[in-house]
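See structure below.
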Amino acid sequence: AIGNLDSQASVITISEAGENAATSVTATFKVTTGGITSLSSTISNVVTAACATFQLLDSDGNVVASNDTSATAAQQSAYAEWLDGSLVLDAGTYTATATAGNGALLSISSQERQGTSIEIDSQLTGSDATEYYTLSFAGANIKLDMDSEKISNMRILLYDNTGAVVADSNGDAVQQQSYIDLTSNKGLSADAGDYTLEITYADGADATQAINYTATLYSGDYYGVVYKNAVTAQAYDDSASGSVTAASDAELYTSTKYNKIYTSAADAINIGWMKQDESMLDVYSMLTAADNTDYYKFTFQEGDALKFDFNKTTTTDTSGIRVQLLDRTGTRVIADSHGTDDQKDAYKELTSSTGLKADTGQYIVKVSYVDGADREDTAYEFGLYSGTTYVAKYKTTASPQTFANAMLAGEMSVKSTQVSIASYLQAAGTDSDESLVTALKSFA
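In this text, residue positions in the sequence shown follow our numbering: the first is 22, and each later residue adds one.
Quick look at the structure:
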């Protein structure tokens with residue numbers, strides 16, 4: 022909400038006596054599109070009804086409402102509605118009069134109500150590409166002044182309180198004409214009520230380029246009050262995850278898998294399929310001293326580029342994690358966070374907002390420790406994306422396997438089992454608590 026938008030107006034007031042005492046006063050006003058009026062808003066601070074006769078006349082001089090004893094029942098009923106603010110009028114020009122009675126004197130004075138202006142200073146960014154502002158309007162017209170060096174890259178829309186588009190800089194012919202009126206000296210004629218202003222990138226504009234702008238709203242020709250709104254936009258995030266936003270109706274699908282200690286690309290866990298702007302794949306797991314390498318395969322069904330990024334909330338430190346993107350055979354490295362210069366460049370593209378150009382087909386993601394890193398338990402979560410949005414999220418939770426589980430499942434060879442037991446016994450025969458704990462962890 023950015024404030025109330027009002028045009029300059031005058032309020033006519035009357036009292037029982039004053040320097041400019043008179044026996045009658047008159048106020049003329051217009052109803053532009055039909056609406057409700059009240060005696061207190063047309064002629065305020067009224068004297069006691071017994072001291073004056075009040076009448077409301079239309080442009081033809083016909084009495085619409087009156088408290089005169091000679092008035093018709095309909096006119097007196099309309100007067101009662103006028104008094105409590107429930108009288109509905111058709112569009113047109115009306116005149117309100119007050120005539121003194123019983124020797125009372127009336128005086129008239131004019132009180133000016135200043136109009137308002139609303140100013141917005143903000144910025145469009147790739148991470149904050151659309152901004153909405155709501156305002157309450159009570160004037161005759163709305164005027165908008167947009168100040169930006171890149172106005173041609175922007176799209177501005179105005180909605181009424183039903184959500185209907187009133188004006189659109191890039192809309193159909195009628196909406197564009199309304200936008201021209203909105204940004205002209207005459208302004209856009211509009212009913213009183215609540216409105217929403219949407220400011221976003223124009224179709225085809227580069228959303229990675231920030232756009233600074235100032236939007237100022239007026240009504241009428243004068244204003245005495247300015248509502249200033251300095252809005253801080255979210256800085257652009259050029260990472261893969263920062264360039265993708267879930268659809269409002271995106272659905273979540275979950276599955277549970279099991280990472281094995283002794284595995285290879287041929288035994289990679291299948292985490293699903295992916296289509297550009299339709300689906301994303303999410304994996305949560307953990308590297309351990311026992312389960313130190315994980316493989317995941319997926320099918321890229323449709324799209325131009327692949328994006329990979331860690332979930333920075335659940336993966337707090339990635340310095341000890343190595344990520345490799347492999348072909349379907351697991352023999353060719355396409356991108357590697359700790360590989361050759363070319364492979365690291367490809368990984369940088371993979372984790373960028375634009376992604377890594379890729380053909381459709383099957384791929385494998387390998388997650389392991391960086392060479393020489395401490396093999397501490399390291400939880401990680403990553404996402405695979407294509408495009409800038411998705412309507413389905415497939416999350417796989419893959420539990421790490423322990424030596425004990427591997428032996429119980431018969432997935433360890435006799436030799437590897439003997440090596441593990443020998444490691445434990447050797448640790449048990451030393452005075453090192455640390456080596457014993459490490460050996461015990463492998464069987465946990």
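Ideal placement from N, C-alpha and C gives every residue a C-beta, glycine not left out. Since the structure is predicted, the reported quantities are computational estimates derived from the model, not experimental observations.
Separation of T375 and D227 (C-alpha to C-alpha, rounded to the nearest whole angstrom) is 12 Å. At the C-beta level, L26 and L218 stay beyond 8 Å of one another.
Note: R176 is bridge-paired with T221 in the DSSP secondary-structure output. The shortest C-alpha to C-alpha distance from V386 to any of S28, T93, Q196, F321 is the one to F321. Secondary structure at Q297: coil, using DSSP grouped into helix, strand and coil. DSSP places V195 in no beta strand (DSSP E) but in the uninterrupted alpha helix (DSSP H) bounded by 194-203. Beta-bridge annotation (DSSP): R343 is paired with S389. Restricting attention to K296, K318, M307, the CA atom closest to the CA of D288 is found in K318. For secondary structure counted as the alpha helix (DSSP H) over 4 or more consecutive residues, the region 332-381 holds these complete runs in sequence order: 362-371. For K416, same chain residues with a beta-carbon under 6 Å away, outside a window of 5 residues either side, are T275, D303 in chain order.
Per DSSP, the beta bridge partners of E140 are T237, K249. Apart from sequence neighbours up to five positions away, the residues of its chain that approach A256 with a beta-carbon distance below 7 Å are T146, S148, ordered along the chain.
The alpha-carbon of G404 is positioned some 7 Å away from that of N332. Secondary structure note for A271: its beta strand (DSSP E) is the uninterrupted segment 266-280. Out of T277, T229, K296, S240, the CA that lies nearest to the CA of S264 is found in T229. Assignment of G408 by DSSP, reduced to helix, strand and coil, places it in the coil class. Within 10 angstroms of the beta-carbon of T399 lie 16 or more other beta-carbons, which makes it buried. Boundaries of the beta strand (DSSP E) harbouring E152: 151-158, taken from the DSSP string. Spanning the alpha carbons of N280 and D362 requires a straight line of approximately 30 Å. The C-beta distance from S28 to S205 rounds to 16 Å, too long to fall under 8 Å, and the pair is not in contact. Y390 and L308 do touch by the CB rule: their CB atoms are close to 6 Å apart, below 8 Å. For K207, no pairing in a beta bridge is given by DSSP. Annotation: K296 to S262 spans about 16 Å, alpha carbon to alpha carbon. At the C-beta level, E299 and T381 stay beyond 8 Å of one another. Pairing A223 with N174 gives a Cβ-Cβ distance under 8 Å. Per DSSP, reduced to three states, the secondary structure at E402 is strand. Distance from the CA of N233 to the CA of A22, rounded to the nearest whole angstrom, comes to 20 Å. Leaving aside the five residues that flank G351 on each side, the residues in its chain whose CB is nearer than 8 Å to its CB run, in chain order, S285, A286, A287, A289, Y316, I385, K387. Rounded to whole angstroms, the gap between the alpha carbons of N88 and D189 is 48 Å. By alpha-carbon distance to A161, the top candidate from G208, N83, V252 is G208. Rounded to the nearest whole angstrom, the C-alpha separation of Q364 and L377 is 11 Å.
A distance below 7 Å between beta-carbons, with the five flanking residues on each side excluded, links R343 to the following residues of its chain, in chain order: S358, H359, S389, Y390, V391.
Cβ-Cβ separation between L179 and Y216: approximately 6 Å, consistent with a contact (criterion under 8 Å).
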